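Numbering (the numbering used here), first residue to last: 632 to 1890.
As structure tokens, this is what we get:
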């Protein structure tokens, strides 16, 4: 959405007095592309900084002129913060100048050049709206500050980096490294090698009173380090700045350690409503807080009005706003400093509390006109804090005494500092700082301990730099580059959800922090976020604008960078420093050399295993994502994906010739219609074959794709003969379902073009819009907070008893069903390959129907939905399958909504009405009298309305009477289901579905069950950029990371594979938890009827090595990889199997590369015995199985490049499609260059038969 549309929306609200929209806007949101986003989400978020086009500026200026000063100041105070990120000021001024020239004046527009130089276009526009006229010709136009390579900051010029270096980023768990202070002349690598064996023992050697502080502008990962250290200390204390929840303070780590006491020091400001809400949550989940949380009687109270004042002050600052979190911290500290604040101990003297609070509120109301204060408000606050005082009393303590007594008793104390040194009110980038001292000195003043008592101070630093809000950021990366780094590191505020500004590591600022705090050690975090960068920059020196070096941290500077090579590989599993890639070690060691500290790997634990056992309310971790964050992240990615699909279809302007379209796979030329059938519930089926041969050319069409039919030689933009849906695909033909048979053109050569399915994207966007407005009502109102980690999942306290419909279920399936029936909001069914996931889902549905639940069962694909329908039908469940008949399997058509509607009473009446209408139409044609014709038309109109109403009633009757409604995820937003809510939403194959697609269904139910396996293939994403930024991360995976075993059951008995095939997958991906059922554990290929025992059928695992056989890989015209020699070997092995009696239909050949699949199909066409053998990509085989699988890995090159073969999920799917035999055909010298593939090859060598491809050369 363009900015003028945003402003037009706001203007419309002003003119029309919009209520709902204004409520949302005044709560802090702005509509972007129809989605309401919080201001903080859009601020500093480059992905949404869509610039207005030149042709839109005139409309913008006209709209702004329609505003009056009062409306802008009162209604749009917050909007000004957003506008500055959305305008090309040069284009804006040029258009204003053009209008001035055209009209001779520019009404109500005035500004000064200096206002435009700074990054504050917002304030400029506000002033442009209501100040006097000016001479625009005197202004010098400056380039857009957001896209420019040079950026002004308080008179200094910073070098910023475009996004060209940020190519392929993924978010991984944080890597944590410790450092010990050493002489800068020491060899970092030598000392690291010497001390690497010390490991976790260093944690226990930390001094009695130790502190953890941030070295940058916050968000460095201090909490994760405290998570690891907390269990080694008796007390975990906070010395500043704010406490509103225990998870904001401690992220839950210390309060979940039963032996640890949490101390909230006198330097903290405490928001009691948030504190009590968190205590309630902990205690409701069995975590006792009594005697384990101590709040200083000297700590100051942070009231709700402080937060209001914080926002008003930010609005007042306008073009120089600080960018605070608006949580009231600054105003509360202001009250403390000017000595009119209220402390915790004042709650013990309620006789004077009212007077103090009255003075505090009156003072604030005098200062800020926007703060509404009344006697009723005072009375309400006093009553509330009387209740708070009584409840807080057991937690109040003289923490100065407690801490110092604990020190005397030799107890160990760990202090976690808030924020970071560069936000220190004295030493930070003033005035863009916090209101307290998050440096070492703040520990003493915030807890009341002597400086000499302080021992080890650990500074935490990211491998790059981030910052939230406004203020100087010398090494910031602007534009796309900053966005990519933000998504790679998931850089969004833990509490506020605000996107963080991102940049290179600032070594000068880091040394400055070390100097101020006197750290004894450092921790380097998030090194793995940089893993895919080709090169990495370090800000190593500041310079004055005249080029002279600066040795301190000044205000007038430019930055000099060093460029280091990136390592471009995954290091998220590295546990030892010596195992890091050379480039990663060089990066760490260069920082050590520059700062004078050594990084030593001492703690590389996963957060879920650190700090003791997690409580049920520990959802505020790195996997948690707020609703606002989800919406603001997914909206632009969804647009990218839509653009990519349109580009891949024939509707794209990028496909300019028919030949290019066919090579791209988006068109099939030279077709003839060989068959036409009717009867698919009113649809027509047309079958097409190639006029050029027996096999269709290579294409990217799939079942259920939307296609258009055109004459073969028609222009690209010509109108179609018809539009339909792919119903059936064979190597030799494609069948398409049309609403009606095209009237002409079928006897001439034809072509099919792939179209983009915009309905899917529109429905997902509509769902995003619904989510962005907040789900406060409706069936999912209580479910949404759980799925975003705001509330813990809950289970029934009563034991669930049930009798099985399927008595053959194994122990893991029974356990999963019991847990699913007990869940009150969310349950994850993890089904590894062959473990009977769909069987378990069907049993859950039957049990829920028995309990009286109305169920919506969905999946991303029609086939997955139809599989459930097929299995439910024998149980005579009242169900309906909603969907286009052409997308349904023939065997489930009787369950389709259309079929059931046709059998209903209302539908019969509708048919009678249609017959009557047909008779009237005939009568109308014969009647010449005008009055009679008018009467007939009136009657036809009445009948038409009644017919539509009858059809709607017929649909409603079927839906209402069904216990189970089954549809695809996007089909859940069909009008036929509008207004229908469900007790339970079940999503099968959830690990293959986009999260936003899942939300289409989830918003219709109060409980949900997701079934899938996030260790198999993820959703198919067309846009590479959208995939890198997180579109492919599924809800199943996110919830599995967020809640783990608390809401998950994994099926552990598989019924498909021979034990040898299964064991590799089980060990590599499922922690050796999968076991083979006896019925398949030892089944062999030669056990099949008609198959003889031979050298080809006897082994379960076969490795055919093409290394040294001169079978190099090649590229096709579409840059897909193929290997002719390897393809011949794969076909030869298949022929051997058929010669031994294996049916061709029981064999499948899988290759990850489309070009290899096409090549293999061409070779198969020359072998009549193999015509029934299936050949497909890995994606095409997901959810399928064959008795024998041959995997052609293709890659063979001297550089040992393996591409996406190294994707564990892809290879997991390929290998586990095999029931009795799995054959790998590959170049072992190439693929063993990857660690994961090397383990696969070694497993096959150890447990299978090794053959050379040379043995297949003469067949």
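All residues carry an ideal CB built from backbone N, CA and C; glycine is no exception.
In this text, all values refer to a predicted model and were calculated from it rather than measured experimentally.
Would you give the residue range spanned by the alpha helix (DSSP H) that residue 1143 belongs to?
Start at 1 with the first residue of the chain shown, and residue 1143 comes out as number 512. Note, residue 1143: alpha helix (DSSP H), 1138 to 1148.
Member of 1876, 1020 and 1194 whose CA lies at the smallest distance from the CA of residue 982
As a working note, residue 982 is residue 351 in the chain shown. For residue 982, the nearest C-alpha among the options comes from 1020.
Beta-carbon gap between residue 1734 and residue 1879 smaller than 8 Å
Position 1103 of the chain shown, counted from the start, is the residue given in the question as residue 1734. Position 1248 of the chain shown, counted from the start, is the residue given in the question as residue 1879. Yes, these two residues count as a Cβ contact at 8 Å.
Quick check: the stretch 1094 to 1105 against the stretch 1132 to 1145, are at least 3 beta-carbon pairs closer than 8 Å?
yes
Give me whichever residues DSSP pairs with residue 1090 in a beta bridge.
Residue 1090 sits at position 459 when you count from the first residue of the chain shown. DSSP lists 844 and 1153 as partners of residue 1090.
Over the uninterrupted beta strand (DSSP E) stretch that includes residue 982, give me the two end residues.
The residue labelled residue 982 in the question sits at position 351 within the chain shown. That residue, residue 982, is in no beta strand (DSSP E); its alpha helix (DSSP H) goes 981 to 998.
Got a sec? Which residues, its chain only, sit under 8 Å from residue 1817 by beta carbon, not counting five neighbours each side?
The residue labelled residue 1817 in the question sits at position 1186 within the chain shown. Excluding positions up to five away in sequence, the list reads 1777, 1778, 1779, 1805, 1848, 1849 and 1850.
What's the call for residue 973, buried or exposed, on a 16-neighbour Cβ count within 10 Å?
As a position in the chain shown, residue 973 is number 342, starting the count at 1. When all chains shown are included, residue 973 counts as buried.
Length of the line joining the Cα atoms of residue 1587 and residue 1607
In the chain shown, the residue the question calls residue 1587 occupies position 956. In the chain shown, the residue the question calls residue 1607 occupies position 976. Taking the straight line joining both Cα atoms gives about 7 Å.
With H, G and I counted as helix, E and B as strand and the rest as coil, what does DSSP make of residue 1597?
Taking the chain shown and counting its residues from 1, the one referred to as residue 1597 is at position 966. If DSSP states are grouped into helix, strand and coil, residue 1597 belongs with the strands.
State yes or no: is the C-beta of residue 1526 within less than 8 Å of the C-beta of residue 1504?
Counted from its first residue, the chain shown places residue 1526 at position 895. Counted from its first residue, the chain shown places residue 1504 at position 873. Taking 8 Å as the Cβ cut-off, residue 1526 and residue 1504 qualify as a contacting pair.
Rounded to whole angstroms, what's the CA-CA distance from residue 1699 to residue 1067? Just pull it up for me.
One-based indexing of the chain shown puts residue 1699 at position 1068. One-based indexing of the chain shown puts residue 1067 at position 436. For residue 1699 and residue 1067, the distance between alpha carbons rounds to 49 Å.
Helix, strand or coil: how does DSSP classify residue 1305 here?
Stepping through the chain shown from its first residue, residue 1305 is reached at position 674. Here residue 1305 sits in strand by DSSP.
Please report the residue range of the alpha helix (DSSP H) in which residue 1471 lies.
If you number the chain shown from 1, residue 1471 lands on position 840. Element bounds for residue 1471: 1468 to 1481.
Cα-Cα separation, residue 1061 to residue 1266
Sequence index remark: in the chain shown, residue 1061 carries index 430 (1-based). Sequence index remark: in the chain shown, residue 1266 carries index 635 (1-based). Rounded to whole angstroms, residue 1061 to residue 1266 spans 35 Å at the Cα level.
Reducing DSSP to helix, strand and coil, say where residue 1462 ends up.
The sequence position of residue 1462 within the chain shown is 831, counting from 1. Three-state DSSP puts residue 1462 in coil, outside helix and strand.
Where residue 1900 sits in the DSSP three-state scheme
Any property of residue 1900 remains undetermined from this structure, which presents the chain solely from 632 to 1890.
Using DSSP with H/G/I as helix, E/B as strand and the rest coil, what is residue 1096?
Within the chain shown, the letter at position 465 stands for residue 1096. Here residue 1096 sits in strand by DSSP.
In whole angstroms, what is the alpha-carbon distance linking residue 1618 and residue 943?
For the purposes of this step, residue 1618 is identified with residue 987 of the chain shown, where counting begins at 1. For the purposes of this step, residue 943 is identified with residue 312 of the chain shown, where counting begins at 1. Using only the alpha carbons, I get a separation of about 45 Å.
Judging by CA-CA distance, which residue of 1201, 1173, 1200 and 1227 is the nearest neighbour of residue 1191?
As a first step, residue 1191 is located in the chain shown; it is residue number 560 there, counting from the start. Answer by Cα proximity: 1173.
Alpha carbon of residue 1264 to alpha carbon of residue 1421, nearest angstrom
Stepping through the chain shown from its first residue, residue 1264 is reached at position 633. Stepping through the chain shown from its first residue, residue 1421 is reached at position 790. For residue 1264 and residue 1421, the distance between alpha carbons rounds to 18 Å.
Pairing CB atoms from the stretch 1621 to 1640 with CB atoms from the stretch 1399 to 1411, are three or more of them under 8 Å?
yes
Per DSSP, the bridge partner or partners of residue 964
Reading the chain shown from its first residue, position 333 is the one you call residue 964. Note: residue 964 sits in no beta bridge, so no partner.
First and last residue of the uninterrupted alpha helix (DSSP H) at residue 1037:
As a working note, residue 1037 is residue 406 in the chain shown. Segment 1030 to 1039, the alpha helix (DSSP H) holding residue 1037.
Are there 16 or more other CB atoms within 10 angstroms of the CB of residue 1153, so buried, or fewer, so exposed?
The residue given as residue 1153 occupies position 522 in the chain shown. Residue 1153 is buried by the Cβ-count criterion.
Per the contact definition of three or more C-beta pairs closer than 8 Å, is the stretch 1597 to 1605 in contact with the stretch 1389 to 1402?
yes
Residues near residue 1436 in its chain [Cβ-Cβ closer than 8 Å; skip 5 each side]:
Within the chain shown, numbered from 1, the residue matching residue 1436 stands at position 805. Hits under 8 Å: 1474, 1477, 1478 and 1506.
If you draw a straight line from the alpha carbon of residue 1131 to that of residue 1122, how long is it in whole angstroms?
One-based indexing of the chain shown puts residue 1131 at position 500. One-based indexing of the chain shown puts residue 1122 at position 491. C-alpha separation (whole angstroms): 5 Å.
Have a look at residue 1082 and residue 840 and give me their C-alpha separation to the nearest angstrom.
Reading the chain shown from its first residue, position 451 is the one you call residue 1082. Reading the chain shown from its first residue, position 209 is the one you call residue 840. Taking the straight line joining both Cα atoms gives about 11 Å.
Simplified DSSP assignment, three categories, for residue 910:
Within the chain shown, numbered from 1, the residue matching residue 910 stands at position 279. Residue 910: helix per DSSP, three-state reduction.
Spatially closest choice to residue 1843 from 1650, 1813 and 1829, by CA coordinates
Indexing the chain shown from 1 puts residue 1843 at position 1212. The shortest C-alpha separation from residue 1843 is found at 1813.
Could you check how far apart the C-beta atoms of residue 1791 and residue 1824 are, in whole angstroms? I think they sit under 8 Å.
As a first step, residue 1791 must be located in the chain shown, where it is residue number 1160. As a first step, residue 1824 must be located in the chain shown, where it is residue number 1193. Not quite, the Cβ-Cβ distance comes to about 13 Å (not below 8 Å), so this is no contact.
Nearest to residue 1664 by CA position, among 1438, 1447 and 1256, is which residue?
Residue 1664 sits at position 1033 when you count from the first residue of the chain shown. Residue 1664 has its Cα closest to that of 1256, out of 1438, 1447 and 1256.
Using CA atoms only, rank isn't needed, just tell me which of 1803, 1268, 1584 and 1787 is closest to residue 1653.
Within the chain shown, the letter at position 1022 stands for residue 1653. Out of 1803, 1268, 1584 and 1787, 1268 has the C-alpha closest to the C-alpha of residue 1653.
Hey, would you say residue 1193 sits closer than 8 Å to residue 1211, going by beta carbons?
Here residue 1193 refers to the residue found at position 562 when the chain shown is read from its first residue. Here residue 1211 refers to the residue found at position 580 when the chain shown is read from its first residue. Result no, Cβ atoms of residue 1193 and residue 1211 do not sit closer than 8 Å.
Rounded straight-line distance, which links the Cα of residue 1162 to that of residue 1213:
Reading the chain shown from its first residue, position 582 is the one you call residue 1213. Reading the chain shown from its first residue, position 531 is the one you call residue 1162. Rounded to whole angstroms, residue 1213 to residue 1162 spans 12 Å at the Cα level.
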